[in-house]
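Novice: For the sequence shown, our numbering begins at 49 and goes up steadily by one.
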Amino acid sequence: MIFLTTSRRPTPRLRTLCRDLSDSIPGVKRVNRGKMSFTGLIEKAVELDAKKVLIVDRGQDGCGKLRFLKIEDKRAKAILSMHIKGFKLRREFKKPARTVRRVCIDRKGDLGSDTERLKEFLSDFFNLPMEDLKETFKKYDAFIRLSIQLSNLVKFSFYSIPDGSEIGPRLTILKVAWNI
């Protein structure tokens, strides 16, 4: 299980982003943080038997970053920080989606070594298979696609199957900092 929460004082949009992520990725348990300290947060994750933690942090501009942590021996180890330039919520798309039960990551595309490494990390962290959608089209409700935009920003978004329409949420990633 993956434990998902926010920073201490999230904006309403960040709370909605957390809800969207928990509805879009199977195996994610969202917990409201409230006034819980970081130590209390890790204790709660251990109590729920979560091996991984995802924290949506608030930044000065309201976007912030995603912090990916791994629980080892009742301690948290930072793996990756993903700085977000902006995001679009599921409700802001023309075709909002319901909770997704089966999702995969699109294997398609040569995005460069850094983005391919990120794609492999996300597949491992969220326990999602990387699939060629032409071969496994009927097994999934949605897929995640990473793409590079003109300004060298990485777009991370969810698409529905079978029509391939974007259902969100969509994250625009500014920078990735590896802590491995």
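Glycine is no exception: its CB is placed at the ideal position from the N, C-alpha and C atoms.
Output yes or no for whether 8 Å exceeds the beta carbon distance between residue 219 and residue 116.
Specialist: No, Cβ-Cβ distance for residue 219 and residue 116 is not below 8 Å.
Novice: Note down the Cα distance separating residue 171 from residue 165, rounded to an integer number of angstroms.
Specialist: So the two alpha carbons sit approximately 10 Å from each other.
Novice: Within the continuous alpha helix (DSSP H) that includes residue 172, where are the two ends?
Specialist: Here the alpha helix (DSSP H) through residue 172 covers 161-173.
Novice: Alpha helix (DSSP H) containing residue 62: first to last residue?
Specialist: Start and end: 60-72.
Novice: Pairs of beta-carbons, one from the segment 187-195 and one from the segment 78-94, closer than 8 Å: are there three or more?
Specialist: Contact fails: fewer than three Cβ-Cβ distances are below 8 Å.
Novice: When you compare each of 197, 161, 201, 153 to residue 178 by their alpha carbons, which one comes out closest?
Specialist: When only C-alpha atoms are compared, the closest one is 153.
Novice: Residue 74 and residue 193 - do their beta-carbons sit closer together than 8 Å?
Specialist: No. Outside cutoff.
Novice: Would you list the residues sitting across from residue 195 in a DSSP beta bridge?
Specialist: Residue 195 is bridged to 203.
Novice: Output needed for residue 97: all residues of its chain with C-beta closer than 8 Å, excluding positions within five of it in sequence on either side, in chain order.
Specialist: Within the same chain, residue 97 has close Cβ partners 49.
Novice: On the DSSP letters alone, give me the boundaries of the alpha helix (DSSP H) that residue 88 sits inside.
Specialist: Taken as a continuous stretch (DSSP letters only), the alpha helix (DSSP H) holding residue 88 covers 86-95.
Novice: Quick check: what's the CA-CA separation for residue 155 versus residue 211?
Specialist: Taking the straight line from one Cα to the other gives about 18 Å.
Novice: For the beta strand (DSSP E) containing residue 216, name the first residue and the last one.
Specialist: First-last of the beta strand (DSSP E) with residue 216: 214-226.
Novice: If we ignore side chains and look at the alpha-carbon of each, how far apart do residue 114 and residue 208 end up?
Specialist: So the two alpha carbons sit approximately 23 Å from each other.
Novice: Can you tell me where the beta strand (DSSP E) holding residue 111 begins and where it ends?
Specialist: That residue, residue 111, is in no beta strand (DSSP E); it is neither H nor E in DSSP.
Novice: Along the chain, where does the beta strand (DSSP E) that runs through residue 125 open and close?
Specialist: It spans 123-136 - the beta strand (DSSP E) in which residue 125 sits, taken as one unbroken run.
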